[in-house]
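First the structure, in the form of structure tokens, and then the observations on it.
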Amino acid sequence: MKVAYWPGCVSRGFTPELHGSMAKVAPLLDIELIELDRASCCGAGVIAEHNQELADTLNARTFALAQRTDGELMMNICSTCQGAQSECQERLDANTEYRGQVNANLSDEGLRYEKGLTNKNLLWLLVENIGLDALKAKVSRPLSDLKVGPFYGCYIVRPVDRLAIDDEHPRDRYLHWVIEALGGTVIDYAGVYKCCGFPIITMNKEASLKQAGRHLGDALDAEADCLVVPCPLCHLNLDLQQPVAAKVVGRDLGMPVLHLPQLVGLALGLSPKELGMNKHIVKPMSVIDWSTSVVASAAA
Amino acid sequence: MPEYTLRIRRYDPQSGEAPHWDTHTIDLGETQSVLDAILKIKDDEDGSIGIRCSCQQAICGSCGVRMNGKPGLACNTHLEEAARRGQGTGWNPPDEGQESPVITVEPMGNMPVIRDLIVDMDSVHWKKVRRVTPWLINKEPIPEREYIVPHDNMVDVTQPMACIQCGACVSDCLAMEVDPLFVGPAALAKAYRFVGDPRDAQHAERLRDLSEDSHGIYDCTHCFNCIDACPKGVDPMNQIMRLRRMAGSDHEIKDRNNGYRHEHAFVKNIRRNGILHESDLLADSYGGKFNPSAGRELVSGLPTAIRGLTKGKMTPQKLLLHTHKAPAEVKRLFDQIDGKPERNELNLYVTGYEDEPEPHAEGAAGREPAEEQSAPDMERKA
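Line by line, the protein sequences give chains A and B. The first sequence begins at 1 in my numbering and counts up by one. The second sequence begins at 1001 in my numbering and counts up by one.
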């Protein structure tokens, strides 16, 4: 399938391994990515905090650029983008007059957002468009014996109404389902649906890293080999800041944190290095050991 | 009638014994409430269960509890609705083969338990509400007769006014979980109710007070738990964001928590680069590279930066140069919209949602399952 692809900012900034691993995994999943390279930051809720119309216009511009492509839908790889963009889209779709005002801002550039765009995080697309059975069929190296803790974060599971999470679309179970479809073992722990703390890292560093540290510690106590996140901002607090978070909570952590496309890529046969795991601050030893043992047993 | 299993958390801190779970099975209609079930169990099986309740109409706000992990009022949560809730955030079907759906009922979080399902609202919730001066401070001179308020202003504050002080949002506030001093969602929503009231004399002072408090408006982590928790649609987090917008953009309150600086640095950063340039944002959020407090923060962040550089996560070019430039159109949008004399805001609580039939309404929320996916979703092109 062909999708208008919005990678977000951080996947091209401090987590380049996310952008890179998505590019490697896409062809294996038969996803053709049309990158929206002229689009701008979603605002991460901060621009909306400053000026709602500005955030809505910037995202309407991104949506309009997506609608100009021949992609089936728009896809992102960042929960924060998903949440911030869904919030703007909710307002744009709810009110014709307001949508008209926002479109007037875009008219100089010849762009116009038409109500009803489908914008999905890779996680939703895996389950709803590719399908778990098709995903299973593509697995060449099941994640057997790998114990993975899902870390959903906030923006992709709340608020449930805005994100259309219901009986038919229990999107707050999808990370569990994907780990299982890839052959891994799901580890439930206290932090599965909690906040990584990133949004307040510059305002209240201690509270921010206490959140990250606690969830990592809980996952460690539950004996997870690694965590998987659909959001690069969570990755910043959970991986990049992990050594500092460990000091804040006063315990050793050493918990590897994988981006969603990296976990998928592992099961589709890519190596940890090809997936950019050498760029992680916490070296994912458990994952590397697992992958070497799988390769060794396959060779034997 | 369907059968439900209620697992109720029992705890009496005075007893010196550890908390435990009591299980009761009950036959009640699926649209009976969780409170109906608890009261029936109290009547028929065990009168010692502690729960606070009064109106049973979702007005008094007494019966806040956690049901299958999610906070809410026991009186306006149907048994079937509670049963289908998973332990996560949304709505999940019961496990296959599960005979009678299980509903766990626990006291609310972030507040000490007095007994069983009763928490101490005074020591947390009410203390925080009192902290925001939850009453109107009249402008002088006080009018001789009634004070006429523009209709739009009152509509604007109706959302926080809908709060019934049940504490459900406080229960699951993730910022409060790590920072118990955080003023919190209920109290800050209440604060907006007065900040947004044109009769109040302390509009700017209230904003300054809440910005400068190191556990005030800038302590919220955007986790959305309070929005999902609220049985009255108050959306406390949205009220906190409106307080930030007024403090940071209208009054330009340069608070000690970096809230103002972070917001302005972020906006400037995107205007210039189109996408986020993280290292600039960090420096600017602390007041710019040459600000003494930025120096401190940047030095303390140095080990993190060095780790990033050695791993190839960051490159010197990325840290220092601006390789991505915002398209001129993006810059123009910033200048044009920020330059408007008045901000244009849409409050869906007030305006509601248009209900016009749409040809692609089903795909509009992006929620169609794979098998139904036939036509492309983005047919309407500009």
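Backbone N, C-alpha and C fix where the C-beta goes; we use that ideal spot for every residue, glycine too. Computed from a predicted structure; not experimentally measured.
{"Item": "Cβ neighbour criterion (16 or more within 10 Å) applied to Trp1135/B", "Value": "exposed"}
{"Item": "Closest residue to Thr69/A among Ala104/A, Asp37/A, Gly153/A (Cα-Cα distance)", "Value": "Asp37/A"}
{"Item": "Cα-Cα separation, Leu18/A to Leu135/A", "Value": "20 Å"}
{"Item": "Minimum C-alpha distance to Trp177/A - residue among Trp124/A, Lys205/A, Ile201/A, Glu206/A", "Value": "Trp124/A"}
{"Item": "Proximal residues to Met1111/B (C-beta, below 6 Å), its chain only, five neighbours per side dropped", "Value": "Val1119, Asp1120, Val1124"}
{"Item": "Contacts around Gln1373/B, its chain only, beta-carbon distance under 8 Å, and the 5 residues preceding and following it disregarded", "Value": "Summary for Gln1373/B: the model assigns pLDDT 40, below 50, so the residue's position carries little reliability; its value from the coordinates is reported in the next sentence. So no residue of the chain qualifies."}
{"Item": "Where the beta strand (DSSP E) through Ala4/A begins and ends", "Value": "2-6"}
{"Item": "Sub-8 Å separation of Leu1117/B and Gly1050/B beta-carbons", "Value": "yes"}
{"Item": "In chain order, each alpha helix (DSSP H) run of at least 4 residues that lies wholly inside the region 89-157 of chain A", "Value": "96-106, 122-125, 132-138"}
{"Item": "Three-state secondary structure (DSSP) of Ala39/A", "Value": "coil"}
{"Item": "Whole alpha helix (DSSP H) elements within the region 1224-1253 of chain B, 4-residue minimum", "Value": "1225-1229, 1236-1245"}
{"Item": "Amino acids of chain B, ordered along the chain, whose beta-carbon sits closer than 7 Å to that of Tyr189/A", "Value": "Simply none; closest approach about 12 Å."}
{"Item": "Best match in Thr62/A, Val264/A, Gly250/A, Leu275/A for proximity to Leu111/A [C-alpha to C-alpha]", "Value": "Thr62/A"}
{"Item": "Interface positions of the region 1220-1246 of chain B facing chain A (Cβ-Cβ less than 7 Å), listed along the chain", "Value": "Thr1221, His1222, Cys1223, Phe1224, Asn1225, Ile1227, Asp1228, Met1241, Arg1244, Arg1245"}
{"Item": "Cβ-Cβ separation, Ser21/A to His259/A (assumed contact under 8 Å), whole Å", "Value": "6 Å"}
{"Item": "Ser1285/B burial status per 10 Å Cβ neighbour count (16 or more: buried)", "Value": "buried"}
{"Item": "One or two residues paired with Ser1033/B in a DSSP bridge", "Value": "His1078/B"}
{"Item": "Span of the beta strand (DSSP E) around Thr1005/B", "Value": "1003-1010"}
{"Item": "Cβ neighbours of His1360/B in the same chain (closer than 6 Å, five flanking residues each side left out)", "Value": "Bear in mind that a pLDDT of 46 at His1360/B, under 50, signals an unreliable position, so the model cannot answer this."}
{"Item": "Distance, Gln241/A Cα to Leu1282/B Cα", "Value": "14 Å"}
{"Item": "Residue burial classification, Trp1021/B (beta-carbon count within 10 angstroms, cutoff 16)", "Value": "exposed"}
{"Item": "Integer-rounded CB distance, given that Ile47/A should sit under 8 Å from Ile1270/B", "Value": "7 Å"}
{"Item": "Met203/A and His1262/B closer than 8 Å at C-beta", "Value": "yes"}
{"Item": "Simplified DSSP assignment, three categories, for Met75/A", "Value": "strand"}
{"Item": "Closer than 7 Å: Ser1279/B CB and nearest the ligand MN heavy atom", "Value": "Of the ligands one can find in the structure shown there are none, so the ligand MN has no counterpart to examine."}
{"Item": "Residues that DSSP places opposite Gly1064/B in a beta bridge", "Value": "Leu1073/B"}
{"Item": "Cα-Cα separation, Arg1199/B to His1215/B", "Value": "27 Å"}
{"Item": "Residue interval of the alpha helix (DSSP H) (run including Arg214/A)", "Value": "205-221"}
{"Item": "Residues in the region 1282-1296 of chain B having any Cβ partner in chain A nearer than 9 Å", "Value": "Leu1282, Ser1285, Tyr1286"}
{"Item": "Other residues of its chain near Leu146/A: CB distance less than 6 Å, five sequence neighbours each side excluded", "Value": "Gly184, Asp225, Trp290"}
{"Item": "Beta-carbon neighbours of Phe1194/B, restricted to chain A and to distances below 9 Å", "Value": "What Phe1194/B touches in chain A: nothing, since even the nearest Cβ is about 20 Å away."}
{"Item": "Given Gln1202/B as reference, the closest of His1151/B, Asn1138/B, Val1113/B once Cα atoms are compared", "Value": "Asn1138/B"}
{"Item": "Same chain only: Cβ atoms within 6 Å of Ala26/A, ignoring 5 sequence neighbours per side", "Value": "Leu33"}
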